[in-house]
Amino acid sequence: MSTASAPLSPSASPSRAASLTLAWRFAAFHVGGFPVLPTLILLVLAFTAVFANVIAPSDPEIGTLGERFRPPAWQTGGSEKYLLGTDHLGRDVLSRLIFGARVSMVVGLTAVLFAGAVGTALGILSGFLGGWVDQVIMRVTDTWLALPALTFAIFLAAVVGPSEMNIVIILGAVYWTRYARVIRGEVLSLRERDFVRLAIVAGCSKWTIMRRHILPNVLNSAIVLGTLMLGVVIVTEAALSFLGVGVPPPKPAWGLMLADGKKGLMAGYWWLTVLPGSCIMLMVLSANLLGDWLRVKLDPQLRQL
Amino acid sequence: MKRYIFRRLGYAIISLVLLSATIFVFVRLTGDPTVLLVEPGASRGDIEALRKDLGLDQPLWVQYGAFVKNLVHGDFGSSFYYRTPVLELYLSRLPHSLLLATTAMVFSLLIGIPSGVLAAVRVNGWGDGAGKVFALLGLSMPSFWVGLLMILFFSVYLGWLPSSGSGTPLHLVMPAVALGWYFAAAHMRLTRSSMLEVLGSEYVKLARLKGLPEALVIGKHAFKNALIPVLTLAGINLVIMVNVAVVVETVFAWPGIGRLLYEGIAFRDFPVVQATVLLGGVMIIAVNLLVDLLYAVIDPRIRFQ
Amino acid sequence: MTALLELDHLTTRYVSARGARVVEAVSDISFRLEAGETLGIVGESGSGKTTLALSIMRLLPPAARIASGAVRFEGEDLVTKSDREMRRLRGKRIAMILQDPMASLNPLFTVGDQVAESLRVHEGASRRTAWSRARELLTAVKIPAPEARVREYPHQLSGGMRQRIVGAIAISCEPRLLIADEPTTSLDVTIQAQYLNLLRELQREHGLALIFITHNLGIVARMCDRVAVMYAGRLVEIGPVRRIFDSPAHPYTRALLESIPRLADSRARLTAIDGQPPDLAALPTGCAFHPRCPKVEDRCRREVPTDVTVAEDHRARCWLAAR
Chain R
17 MSTASAPLSP SASPSRAASL TLAWRFAAFH VGGFPVLPTL ILLVLAFTAV FANVIAPSDP
77 EIGTLGERFR PPAWQTGGSE KYLLGTDHLG RDVLSRLIFG ARVSMVVGLT AVLFAGAVGT
137 ALGILSGFLG GWVDQVIMRV TDTWLALPAL TFAIFLAAVV GPSEMNIVII LGAVYWTRYA
197 RVIRGEVLSL RERDFVRLAI VAGCSKWTIM RRHILPNVLN SAIVLGTLML GVVIVTEAAL
257 SFLGVGVPPP KPAWGLMLAD GKKGLMAGYW WLTVLPGSCI MLMVLSANLL GDWLRVKLDP
317 QLRQL
Chain H
2 MKRYIFRRLG YAIISLVLLS ATIFVFVRLT GDPTVLLVEP GASRGDIEAL RKDLGLDQPL
62 WVQYGAFVKN LVHGDFGSSF YYRTPVLELY LSRLPHSLLL ATTAMVFSLL IGIPSGVLAA
122 VRVNGWGDGA GKVFALLGLS MPSFWVGLLM ILFFSVYLGW LPSSGSGTPL HLVMPAVALG
182 WYFAAAHMRL TRSSMLEVLG SEYVKLARLK GLPEALVIGK HAFKNALIPV LTLAGINLVI
242 MVNVAVVVET VFAWPGIGRL LYEGIAFRDF PVVQATVLLG GVMIIAVNLL VDLLYAVIDP
302 RIRFQ
Chain C
49 MTALLELDHL TTRYVSARGA RVVEAVSDIS FRLEAGETLG IVGESGSGKT TLALSIMRLL
109 PPAARIASGA VRFEGEDLVT KSDREMRRLR GKRIAMILQD PMASLNPLFT VGDQVAESLR
169 VHEGASRRTA WSRARELLTA VKIPAPEARV REYPHQLSGG MRQRIVGAIA ISCEPRLLIA
229 DEPTTSLDVT IQAQYLNLLR ELQREHGLAL IFITHNLGIV ARMCDRVAVM YAGRLVEIGP
289 VRRIFDSPAH PYTRALLESI PRLADSRARL TAIDGQPPDL AALPTGCAFH PRCPKVEDRC
349 RREVPTDVTV AEDHRARCWL AAR
């Protein structure tokens, strides 16, 4: 991975800080501030998700019982047919990881978009209209925010039953409150800005103002929040799947793989735990780094997020 | 200050009402709540009896009234599996979760606060860079995966620590670290940014102008002020920890309320699920209120309003 | 006789994080200050006044550094002193008060604690001694009911009282020099006069030298013996207040004096100085003031003016004054 080194003027920054900045750049593979590696990872994951059918060597949902618990190819007992080993039902781990990327991406992105749309809309309504609309939305938001997302999601999953579709809706229902809070805050300060006041004075309808003036301006925050939420949503989905109320088997969700992997843990079948978890971490880490960069780039005021 | 207390109390009560209403509404959202609230394998007669009992033919707000009345009297339903009132079950398991959460919290503060202070004092130096990496890892690794990895390493490979159950302090180590890991990173981040803000304040500047030794400037003037938001967050996080420990408790078979929730899902024991979520929410609202009140006592600015 | 404070061609630079931009916030400044004297430093915001004060105190932000020159206090060069030596001087021999008293005081500690702190650190006073001294100091700065006040928190006091507390902290260890950076700017106009009187009284009683940084020429006229005018980081004129107000040598000083509105004025409009203060990162060639100077000549555009002695103890940096 090539890194562009910053021009270091010897007379300027103290050498220690400069060498650390370089180290940090290397670690996060930033080039001119842009997180290259994380974005690359996300793109690779997205690519994998889309072309899973083509890339995966085996069927992720059907396994050969005779080939159970095979270690990865480079260990004794492994075979080239199953590059990263097999699980307790003889299914190819690599294929499951690849299809799992699709599940995570689809669920993650859809849930984030759903939560974002609802949360932004309600945040705008709440912040702009004020009055009892604001009070109602805020009270509900505060209460829902008080409930930890995971617990709430588990409850909802128990009520409606787990399925891929339901998970998306549940995650959306749980996380829209984060958006609403932040967007409302933005709208409150936007409301006092001159161009909004002018529009009010000019007699524009409230809906027009919200649509044409407020919405484009909060979009930045929404996007940044979205990238940050992506990581959170993916971890929550993994947790739900791990507990058995997320994506139902035999679909290869990474969280589900971890649950299955636990069965082989005491026997030392490390690849069933380390590999899916690493994928989760990779995706979340990349999303977080990208989100951090976006946050600084798009709106320095959001640094408190 | 009295006004402050009453206002906070009012908000708490509204939140409690909204919480119970939310739970109530969602259960009834599926159309026929008897599906959830009746034991698996119950007869037609049982279902009819339950229907009458819940008063499902009555208007919604009457049902809600009855629901709330039960809650206030401590009737949270009975577990199908254990055949005991859920509240009893919950309270018997709660101390274990509290023990786990408290230990995890202490761990997260012991790691988070000093590293945050170090990162802030040596901004852009090696301490800060290491801290950033640590924070990113902590926030990207799902807690249950950390737990699984630790089991793999410390139980399976090294054989030092027990992999499940409770009873000895050794049993507490891994779950507490797994649970506290994420929060350590979060606390470190907050301590760092809070400290940075305080270090840039005018009164720290004046402290330096007074010629006070740097240790006093940081230790006395900066630290106490920087700690306020961190401790506030920690207080709230403690309760959150208790609730999101579901997965960690499941991984380590730790007998707390998290594990109870898992059992509720695994055994389709809906009263347990409903009550756990409800009680979790109540706990959080109560603690939020407590923290707000404590704030009023500590921060002299509010005390004398 | 050595002056109490002597600045000798002091230059302070700010360097941006990647070393790309270098800005001279304080450029080649020299002046003397005798014991007990009051020197006013005037200039627009951004002229480098605060950086100058912080340079003397050696408390510059990490991005700034003293590039060259000397700051001699009681004969010793502060620029060469170690951090520990400077810490012993700060608050004890040289004190500084800042603009915003509310922000200057730590909200979580009592007023008494913060006043007593300097005494405990610099003079090793015991808790009891320090607190009783603190009470005395509050009386000295004319705070009513000091015994009660000492246990109160900053937010319980009014703005004027807070600034007095800051003043009490400053004089607690009997410093020789006090630097006041716009101390009255955030006070009510009615309180300002009282505060200035207090400063003058304290100065007389303790034999303090005072450097008074302000943008308000009226205060300069009342408080100061001498005045120094700063522009774009340079000292463009310095001399006794009387002389400067009567016959300013530098066009900038003249413009500043003319822009003060006077009640008896027959002019219909207020005069302001044309143009904007320059961006220190992109200074014009030659004299930094030349784009706004009504008397600009060719030489001004090309060469930076040197220090010219206009009269005894009156210097200015202007080619026109050289004639």
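Protein chains in written order, with the working numbering: chain R, 17 to 321; chain H, 2 to 306; chain C, 49 to 371. For glycine and all other residues, C-beta sits at the position ideal for the given N, C-alpha and C.
query	result
Contact criterion: CB-CB distance below 9 Å. Does H:SER164 meet it with respect to chain R?	yes
Nearest chain H C-beta to R:THR243 closer than 9 Å, yes or no?	no
For C:ALA359, tell me which candidate among C:CYS348, C:GLU285 and C:PRO155 has the shortest Cα-Cα distance.	C:GLU285
Could you tell me which residues DSSP pairs with H:SER79 in its beta bridges?	H:PRO86
Quick check on R:THR159: does DSSP put it in helix, strand or coil?	helix
Can a CB atom of chain H be found closer than 9 Å to the CB of C:VAL189?	no
For C:VAL277, which residues of its own chain have a beta-carbon under 6 Å away from its beta-carbon, when the five flanking residues on both sides are left out?	VAL90, VAL284, GLU285 and THR301
Select from the segment 234 to 265 of chain R all residues with a C-beta closer than 8 Å to any C-beta belonging to chain H, and list them in chain order.	GLY247, VAL251, ALA254, ALA255, PHE258, LEU259, GLY260 and VAL261
Nearest chain H C-beta to C:ALA51 closer than 9 Å, yes or no?	no
Can you check the segment 199 to 264 of chain C for any alpha helix (DSSP H) of at least 4 residues that lies completely inside it and give the ranges in chain order?	207 to 219 and 237 to 254
For C:PHE337, which of helix, strand or coil comes out of DSSP?	coil
Going by DSSP, what residues sit across from R:ASP108 in a beta bridge?	R:THR102
Roughly how many angstroms separate the alpha carbons of R:LEU58 and H:GLY281, rounded to a whole number?	35 Å
Drop a sphere of 10 angstroms on the beta-carbon of C:ARG111, count the other beta-carbons inside from all chains shown, and report buried for 16 or more, exposed for fewer.	In the sequence as presented, Arg is not what sits at residue 111 of chain C; that position holds Ala. Classification for C:ALA111: exposed.
Per the DSSP calculation, C:PRO288 is bridged to which residue(s)?	C:ARG274
So the candidates are H:SER144, H:PRO143 and H:PRO163; which of them puts its Cα closest to the Cα of H:ILE152?	H:PRO163
Would DSSP call C:TYR300 helix, strand or coil?	helix
Show which residues of chain H have a CB atom less than 7 Å away from the CB atom of R:VAL156.	LEU19
Would you say C:ARG138 faces chain H, with C-beta separation under 9 Å as the test?	yes
Buried or exposed: which applies to R:PHE50, given that a residue is buried once 16 or more other Cβ atoms fall within 10 Å of its Cβ?	exposed
So, at 6 Å on beta carbons, what are the nonlocal neighbours of R:GLN320 in its own chain, with the 5 sequence-adjacent residues on each side left out?	For R:GLN320, the predicted model reports a pLDDT of 44, less than 50, meaning its position is unreliable; a value from the coordinates is still stated below. Same-chain partners within the cutoff: there are none.
In this structure, how does DSSP classify H:PRO115 when only helix, strand and coil are distinguished?	helix
Pairing CB atoms from the segment 216 to 225 of chain R with CB atoms from the segment 80 to 88 of chain R, are three or more of them under 8 Å?	no
With which residues is C:GLU54 paired in a DSSP beta bridge?	C:ARG80 and C:ARG120
Given 8 Å as the limit, is there contact between the segment 67 to 82 of chain R and the segment 100 to 114 of chain R, that is, 3 or more CB pairs closer than that?	yes
Do you know offhand how far C:ASP131's Cα is from H:ILE114's?	27 Å
Could you tell me the alpha carbon to alpha carbon distance between H:GLN306 and H:ARG9, rounded to whole angstroms?	For H:GLN306, the pLDDT reaches just 49, beneath the cut-off of 50, and the residue's location in the model is therefore unreliable, although a value from the coordinates is still provided. Between H:GLN306 and H:ARG9, the C-alpha separation is close to 15 Å.
Do the CB positions of H:LEU149 and H:SER195 come within less than 9 Å of each other?	no
What does R:THR289 reach in chain H if we use C-beta pairs closer than 9 Å?	TRP146, LEU149, LEU150, ILE152 and LEU153
Taking DSSP as the reference, what is the three-state secondary structure of H:SER156?	helix
Within 9 Å of any Cβ in chain H, is that where the Cβ of C:SER152 sits?	yes
Who are the neighbours of H:GLY128 on chain C, taking C-beta pairs under 7 Å?	In chain order: nothing, as chain C lies at least about 15 Å away.
So the beta strand (DSSP E) C:LEU156 belongs to, where does it begin and stop?	Here C:LEU156 belongs to no beta strand (DSSP E), and DSSP marks it neither H nor E.
Leaving out five residues before and five after R:THR80 in sequence, what residues of the same chain have Cβ atoms less than 7 Å from its Cβ?	GLY106
Could you tell me which residues DSSP puts in a beta bridge with C:MET144?	C:ILE227
Go ahead and pull the three-state DSSP assignment for H:GLY11.	helix
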